[in-house]
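In our numbering, the protein residues as written are 75 to 635.
What follows is the structure, given as structure tokens:
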């Protein structure tokens, strides 16, 4: 029997509400269920009254983008939970059950941060009659399952992970805590072994290769070969990527059945048969298909074979043929990014997007939220305003320094980034428009001081006065965009959005987009954005045809036989 068919729906919840006595409670519960269904665009009988089904719908809603205040949305979700309790039991979001004295004495030994993270679990265990002396791994597993099955609060995965992390800390550092080991689920499907898994000579060879990359190679006097490797030193981010690729390639070989003790140097990785093993393993992880990652690994090993191991022409040609076979034939923007840009076909969405910094600013100035939260929103507004007019890569955006990257003269303020700091060595030198400068100045004067953790000249300061990490700032920007517009966005999509918005208004004007995005070649721009203006070009052509039809329709009628 299908157990899901026995789970009540929100329509069953509404039917249960109708059985209540008339009054404020009945009205509020019914309003909460109806408002939730309207926000998620679902009819009540299609939504199961189960936390696992409700949570994704709830987390997909951006209340501010729908004109619902955060307080109103919180009241709707709270009322929904109370309504669902009419047809099934739920784990309380805030458990107030008393903690058993034995658990209380254990919690008092822990640091406050760990104790707080275990409080809800110990209340649940105490209410179930479970003490530190009789607790088992099965009890703890039952608690984590209850979080998913019977708890309405958002981010159940995060809550479960936080509990396991705190339990591990208690077990590791406090012998008095019940010594039950909980496995923390891995968030990544990692297959790479550490360098220690292989002979020391392999890591030494990799570090020697990376050292050469970091220093560049002009003309080695003792090298009779014509292949000198990269002339200019590569950036630290590239060094990090190459180190990971080396370790990943060796790990693929080990997973393919090759004895790791035989991988004594880079030369073992670029043997033709071993390259096939590495690529086959990567493709098996993707259902037998190639991908951008597989193609990059093949290209990387082929270059290493030529410039570092210095294989002969025959082996090099075989490796090039393998690379051609696994190459990804797509060019330009990915299908995922094209789908994310589809809402920008709507002029109303574009208008809302380009006005987003002002929208956030007005919200922050009226909000009574804690100062730190308002400061982070103001920071996001400043970053979005800058990205709208000068779309940077997220690493460059996060690393912006007030003293070194902003230059003022009588014409205005310029954003200047040298070629050594940019991925493709194309320098950035743009004047910042006044509206963006106003938002940035507002943020710097009123909110940046509250985000400082020591002296810093970083535009977006992080811990210890350093710049905020690119991933942290990027996630912060994505969250703000989704909150206020409902759009699924990422920092790099600003560059694609800039190209699409401009080309929709100026079809075919790729050179301006190339200059704006600082592409080295116009072919990079055309391959990425030629599809972005297809709809606009089609509409322009259709408009031309319609104009011609309107102008010549009388003539066509006269000539009809």
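Glycine is no exception: its CB is placed at the ideal position from the N, C-alpha and C atoms. This structure is a prediction, so every number in the text was calculated from the model and none was measured.
Q. Three or more C-beta pairs closer than 8 Å, one from the stretch 185-200 and one from the stretch 150-162: is that the case here?
A. no
(Q) Give the list of continuous beta strand (DSSP E) stretches no shorter than 3 residues that lie fully inside the stretch 209-282. (A) none
Q.
So if DSSP puts residue 83 in a beta bridge, which residue, or which two residues, is it bridged to?
A. Position 9 of the chain shown, counted from the first residue, corresponds to residue 83. DSSP lists 122 as partners of residue 83.
Q. Any contact of the stretch 411-420 with the stretch 379-394, i.e. 3+ C-beta pairs under 8 Å?
A. no
Q | residue 367 Cβ short of 8 Å to the ligand NAD heavy atom set | A | Among the components modelled here there is no ligand, and therefore nothing to report on the ligand NAD.
Q. Could you give the residue range of the beta strand (DSSP E) that holds residue 367?
A. As a working mapping, residue 367 is identified with position 293 in the chain shown. Counting along the chain, residue 367 falls outside any beta strand (DSSP E), though it belongs to the alpha helix (DSSP H) covering 366-378.
**Q.** Boundaries (first-last residue) of the beta strand (DSSP E) holding residue 480
**A.** Counting from one through the chain shown, the residue named residue 480 turns up at place 406. That run of the beta strand (DSSP E) goes 480-483.
Q. Taking one C-beta from the stretch 499-510 and one from the stretch 451-468 each time, how about it: are there three or more such pairs within less than 8 Å?
A. yes
Q) Should the stretch 480-500 be called in touch with the stretch 516-532, which here means at least 3 C-beta pairs below 8 Å? A) no
Q | Pick from 528, 624, 466 and 547 that is closest to residue 571, judged by C-alpha positions | A | The residue given as residue 571 occupies position 497 in the chain shown. With distances taken between Cα atoms, residue 571 lies closest to 466.
Q) In or out: residue 390 buried (at least 16 other Cβ within 10 Å) or exposed? A) Counting from one through the chain shown, the residue named residue 390 turns up at place 316. That one is buried.
Q: Would you check if there are 3 or more beta carbon pairs closer than 8 Å linking the stretch 246-256 to the stretch 317-328?
A: no
Q: Could you have a look at residue 456 and say whether DSSP puts it in helix, strand or coil?
A: Position 382 of the chain shown, counted from the start, is the residue given in the question as residue 456. Residue 456: helix per DSSP, three-state reduction.
Q. Where does residue 212 land, buried or exposed, given buried means 16+ other C-beta within 10 angstroms?
A. As a first step, residue 212 must be located in the chain shown, where it is residue number 138. Result: exposed.
Q) So the alpha helix (DSSP H) residue 550 belongs to, where does it begin and stop? A) On the chain shown, position 476 is the one that residue 550 refers to. Per DSSP, residue 550 belongs to the alpha helix (DSSP H) from 544-559.
Q | Inter-residue spacing [alpha-carbon to alpha-carbon] between residue 469 and residue 110 | A | In the chain shown, the residue the question calls residue 469 occupies position 395. In the chain shown, the residue the question calls residue 110 occupies position 36. Rounded to the nearest angstrom, the two C-alpha atoms are 38 Å apart.
**Q.** DSSP-derived helix/strand/coil call for residue 498
**A.** Counting from 1 along the chain shown, the entry for residue 498 is found at position 424. In the structure shown, residue 498 sits in coil (DSSP, three-state: anything other than H, G, I, E or B).
Q. Using DSSP with H/G/I as helix, E/B as strand and the rest coil, what is residue 490?
A. Stepping through the chain shown from its first residue, residue 490 is reached at position 416. Three-state DSSP puts residue 490 in a strand.
Q) According to DSSP, is residue 535 helix, strand or coil? A) Within the chain shown, numbered from 1, the residue matching residue 535 stands at position 461. In the structure shown, residue 535 sits in a strand (DSSP, three-state: E or B).
Q) Using a Cβ-Cβ cut-off of 8 Å (strictly less than) and excluding sequence neighbours within five positions of residue 144, which residues of its own chain qualify? A) Position 70 of the chain shown holds residue 144. Counting only Cβ-Cβ distances below 8 Å, and skipping sequence neighbours, we find 137 and 138.
**Q.** Where residue 348 sits in the DSSP three-state scheme
**A.** The count along the chain shown starts at 1 and reaches residue 348 at position 274. It is helical.
**Q.** DSSP state of residue 583 mapped onto helix, strand, coil
**A.** Looking up residue 583 in the chain shown gives position 509. Reduced to three states, the DSSP call for residue 583 is coil.
(Q) Residues in the same chain with beta-carbon distance under 6 Å from residue 537, minus the five sequence neighbours each way, listed in chain order, please. (A) Numbered from 1 along the chain shown, position 463 holds the residue referred to as residue 537. Closer than 6 Å at the Cβ level, and outside the excluded window around residue 537, lie 527.
Q | Residue of 421, 347, 501 and 440 minimising C-alpha distance to residue 574 | A | As a first step, residue 574 must be located in the chain shown, where it is residue number 500. Comparing Cα-Cα distances from residue 574 to each of 421, 347, 501 and 440, the minimum goes to 421.
Q. At which residues does the alpha helix (DSSP H) containing residue 413 begin and terminate?
A. Indexing the chain shown from 1 puts residue 413 at position 339. Its alpha helix (DSSP H) spans residues 409-415.
Q) residue 418: which of 384, 274, 568 and 202 sits nearest, CA to CA? A) For the purposes of this step, residue 418 is identified with residue 344 of the chain shown, where counting begins at 1. If we check each option's Cα against that of residue 418, 568 comes out closest.
Q) Taking DSSP as the reference, what is the three-state secondary structure of residue 568? A) Within the chain shown, numbered from 1, the residue matching residue 568 stands at position 494. The answer is helix: DSSP assigns residue 568 an H, G or I state.
Q | Pair within 9 Å by beta-carbon distance, residue 205 and residue 177 | A | Along the chain shown, read from residue 1 onward, the residue named residue 205 stands at position 131. Along the chain shown, read from residue 1 onward, the residue named residue 177 stands at position 103. Going by C-beta atoms, residue 205 is nearer than 9 Å to residue 177.
**Q.** Nonlocal neighbours in the same chain, by C-beta distance under 7 Å from residue 357, ignoring five residues either side
**A.** As a working mapping, residue 357 is identified with position 283 in the chain shown. Counting only Cβ-Cβ distances below 7 Å, and skipping sequence neighbours, we find 363, 364 and 368.
Q) Within 10 angstroms of its Cβ, does residue 455 collect 16 or more other Cβ (buried), or is it exposed? A) As a first step, residue 455 is located in the chain shown; it is residue number 381 there, counting from the start. Residue 455 should be labelled buried.
Q | Contacting residues, own chain, Cβ-Cβ under 8 Å from residue 487 (five flanking each side not counted) | A | What you label residue 487 is simply residue 413 of the chain shown in a count that begins at 1. Within the same chain, residue 487 has close Cβ partners 480, 481, 505, 506 and 511.
Q. Taking the C-alpha atoms as reference points, what is the distance between residue 241 and residue 192?
A. As a working mapping, residue 241 is identified with position 167 in the chain shown. As a working mapping, residue 192 is identified with position 118 in the chain shown. Cα to Cα, residue 241 sits roughly 7 Å from residue 192.
Q | Residues near residue 100 by beta carbon distance below 7 Å, same chain, minus five either side | A | Stepping through the chain shown from its first residue, residue 100 is reached at position 26. 91 and 94, listed in sequence order.
(Q) If you follow the alpha helix (DSSP H) that residue 29 is in, where does it begin and where does it stop? (A) Outside the displayed span of the chain (75 to 635) sits residue 29, for which this structure offers no information.
Q | Nearest-angstrom beta carbon gap, residue 337 and residue 324 [assumed within contact, 8 Å] | A | Start at 1 with the first residue of the chain shown, and residue 324 comes out as number 250. Start at 1 with the first residue of the chain shown, and residue 337 comes out as number 263. Yes, they are in contact, since the Cβ atoms of residue 324 and residue 337 sit about 5 Å apart, within 8 Å.
**Q.** Proximal residues to residue 181 (C-beta, below 6 Å), its chain only, five neighbours per side dropped
**A.** Here residue 181 corresponds to residue number 107 of the chain shown, with the count starting at 1. Counting only Cβ-Cβ distances below 6 Å, and skipping sequence neighbours, we find 189.
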